[in-house]
Amino acid sequence: MEKPIEELIEKERQSKHPVPKSVKLIFDFLACTPLPFGGAPSIVTQNIQEMLNTSFQSKLSVVQAEILSGERLITTTQLEQVEIIERFHRMLQTVSRTNVNEKIRLAARLFVRGISFEQELSTDKYEEFLRTLEEISEREIAILAILHTIESNPDPYVDSSMSKKEYLPHRYWRAFKEKASQELDIPQEQIYPIMKRIERTGLFAMFNGFSFGRVEEGETTAYFNDFFAYIASFGPGMENDIFRE
Numbered sequence: 042m043e044k045p046i047e048e049l050i051e052k053e054r055q056s057k058h059p060v061p062k063s064v065k066l067i068f069d070f071l072a073c074t075p076l077p078f079g080g081a082p083s084i085v086t087q088n089i090q091e092m093l094n095t096s097f098q099s100k101l102s103v104v105q106a107e108i109l110s111g112e113r114l115i116t117t118t119q120l121e122q123v124e125i126i127e128r129f130h131r132m133l134q135t136v137s138r139t140n141v142n143e144k145i146r147l148a149a150r151l152f153v154r155g156i157s158f159e160q161e162l163s164t165d166k167y168e169e170f171l172r173t174l175e176e177i178s179e180r181e182i183a184i185l186a187i188l189h190t191i192e193s194n195p196d197p198y199v200d201s202s203m204s205k206k207e208y209l210p211h212r213y214w215r216a217f218k219e220k221a222s223q224e225l226d227i228p229q230e231q232i233y234p235i236m237k238r239i240e241r242t243g244l245f246a247m248f249n250g251f252s253f254g255r256v257e258e259g260e261t262t263a264y265f266n267d268f269f270a271y272i273a274s275f276g277p278g279m280e281n282d283i284f285r286e
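Using our numbering, read the sequence shown as starting at 42 and increasing by one per residue.
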């Protein structure tokens, strides 16, 4: 039976396993390993090594910094597994398609957590999360993080002038728009179009107007909670700090 995602998040917060610096992760491992190795397809390993020796290096430095700064343990045994090498290659493909350092860090974080959580992320889910990361913008991720912060602790954001009979999201939606507008420098009138676009990812859902009569409001989804667990920063004071340096 799978553990609830909340238990995984709490376990991650309490983790104190540093990534061993001596391993230096997959970078040095691949750099000194003949092709093919460990049964891994040579086309995959060759493509990775080509990336290691090109202008792609600046992006790789961001990947390496994120992995080495993480709290999860990666073993040399894992690095020798064909599936792990292929996952690393798929992560690099995602990295190659963006010039946004924040998204590069999230891709690296997803790779590490996907193989080091007690409940390992399936290959299909890993691929799905990488596609979602490619599809969504840095700003869209940030605005979802703000909404998630409010959803997790709505009391400070609820409009006390509204009746408690009002649906809870409606009572804090104005505060959400104000917070997102201020922190991300987005005019409030642009919040709705942005949230509407985010719906395509499955991370957010607008409320049905027939059910709530508030078609410009919505909430993060169960899929977002799963995705968020693998990319968010954890630690004192940064539970929702996705873009940790």
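Every residue gets a Cβ at the ideal spot worked out from N, C-alpha and C, and that includes glycine.
It should be emphasised that the depicted structure is a prediction, and the values quoted were computed from it without experimental measurement.
- The three-state reading of DSSP puts THR190 in helix, counting H, G and I together.
- Cα atoms of LYS237 and GLN231: separation of roughly 10 Å, rounded to the nearest angstrom.
- Within the stretch 202-256, the runs of alpha helix (DSSP H) that reach at least 4 residues and sit entirely inside it are, in chain order, 209-225, 232-239 and 250-253.
- Residue environment: LEU209 is assigned as exposed (fewer than 16 neighbouring CB atoms within 10 Å of its CB, all protein chains considered).
- When DSSP states are grouped into helix, strand and coil, GLU258 belongs to the coil group.
- Taking the C-beta atoms as reference points, PHE245 is found nearer than 8 Å to THR262.
- Around the beta-carbon of GLU124, fewer than 16 other beta-carbon atoms lie within 10 Å, marking it exposed.
- Between the stretch 97-112 and the stretch 126-140 there are three or more inter-stretch CB-CB distances shorter than 8 Å, so the stretches are counted as touching.
- Residue range 263-272 is occupied by the alpha helix (DSSP H) that includes TYR271.
- The three-state secondary structure of SER102, taken from DSSP, is helix.
- Looking at GLU258, ARG212, GLN223 and HIS211, the one whose alpha-carbon comes closest to that of PRO234 is GLU258.
- Burial check for THR242: the Cβ neighbour count within 10 Å reaches 16 or more, so the residue is buried.
- Beyond the five residues adjoining it in sequence on each side, ILE187 comes within less than 6 Å, by CB distance, of LYS220 and ALA221 in the same chain, given in chain order.
- Its chain contains no residue whose beta carbon lies nearer than 6 Å to that of PHE269 once the 5 sequence neighbours on both sides are disregarded.
- For the pair of segments examined, the stretch 166-183 was found to touch the stretch 135-145: the number of CB pairs separated by less than 8 Å reaches three.
- Considering only GLU168, GLU179 and GLU143, the residue with the shortest C-alpha distance to LEU225 is GLU179.
- ILE227 is positioned such that its CB atom lies no closer than 8 Å to that of TYR213.
- Cβ-Cβ separation between TYR264 and GLY155: approximately 16 Å, too far for a contact (criterion under 8 Å).
- Counting only the Cα atoms, ALA273 lies some 12 Å from LYS144.
- DSSP, read as helix, strand or coil, puts ASN140 in coil.
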